[in-house]
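In numbering that gives the first Met the number 0, the protein residues as written are 0 to 195. Glycine included, each C-beta is placed from N, C-alpha and C at the ideal position.
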Amino acid sequence: MIFIFRHIFIEDYDLIYPSKLYPWILVVPQIFMLVFSIIYLKNLRQLFLNVKLINYFFAFLFMFFNLSFYWIYAQIVSFLNFQILYLPNISKYILGDGNFIFLNIFAICVWVPAIEEIFFRGLILKRFNEFSGKIFAVIFSSFLFCIVHGDVGLLIPVFFSSILISILFLMSKSLLPCIMLHSIQNLFVCIVATFA
C-alpha cells in the first residue's frame, strides 16, 4: 500500500526529504484503527466526557515520569553499550518544511495520538479489562502498542510509556488526558529531533 501511495502521490523532490512524508504514510493504517474502533466501541463518546482537573495533573506527572524513564533508559543502554537497544535517531526534517510543517505537527501531535489512544486504550484496554482484569489488559495493550511502534530501541521505553498511559486511562476513565499526554510526548520528540 505504501508503495502504491509513493508512486501516485510523491514527486521526485519528495524523495530528497522522505521523512516529511512519514507521518502521512502512517495515516492509512490509523484510518483502519479508527474505523475498527468506531464499529466495535459502543458509547465512544462517553470516553471523552469524564474530564476532571486532577486527571490532567496526573497526565503531566506521568509525562515527567516517562521523560525521566527515557533519560535513565538511554543512559543505561549507552553505558552498557547495547547498541541494538539505542533509541533511534529521528530525522531533524521529520516536520518537513514550509506549510508542510503545520500538517506534520497536526499528524504527529493530534491525529496519531487521538487515533492510537482511541484504539489502544478506548478499545483494546477497555475490552480486555472487562473480561481478563486490569493487569493483563494493561500489559497486553501496552505490548501491542510497543509492537506497532516497531523499532527495537523503542520497545522498552514505549512499553513503559504505554503502561503509564493505560494507568492514566483506568484512573480517569477518559481518553482526553491520555491523548494530551501522548500529544505532548510526541511534540517533545519533534522538538528534540528538530533542534538536535
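- For residue 91, no alpha helix (DSSP H) segment is defined, and its DSSP state is neither H nor E.
- Residue environment: residue 140 is assigned as buried (16 or more neighbouring CB atoms within 10 Å of its CB, all protein chains considered).
- Using a C-beta cut-off of 8 angstroms, the region 170–177 makes no contact with the region 78–94, since fewer than three inter-stretch Cβ pairs fall below that distance.
- For the 7 angstroms CB-CB criterion, residue 167 and residue 176 form a contact.
- Contact between the region 42–60 and the region 138–158 is absent, with fewer than three C-beta pairs closer than 8 angstroms.
- In the displayed model, residue 98 falls within coil according to three-state DSSP, outside both helix and strand.
- In the DSSP annotation of this structure, the continuous segment of the alpha helix (DSSP H) that includes residue 140 starts and ends at 133–147.
- Close CB contacts of residue 117 within its chain, under the 8 angstroms cut and outside five residues either way in sequence, are with 32, 33, 36, 40, 43, 46, 174 (chain order).
- Counting along the chain, no alpha helix (DSSP H) covers residue 119, and no H or E run does either.
- Per DSSP, residue 72 is one residue of the alpha helix (DSSP H) stretching across 52–79.
- According to the DSSP assignment, residue 42 belongs to no alpha helix (DSSP H), since it is labelled neither H nor E.
- One thing to note: residue 151 has its Cβ within 7 angstroms of the Cβ of residue 83.
- The beta carbon of residue 179 sits closer than 6 angstroms to the beta carbons of 58 from its chain, once the five residues preceding and following it are set aside; these are given in chain order.
- In this structure, the CA atom of residue 98 is about 12 angstroms from the CA atom of residue 105.
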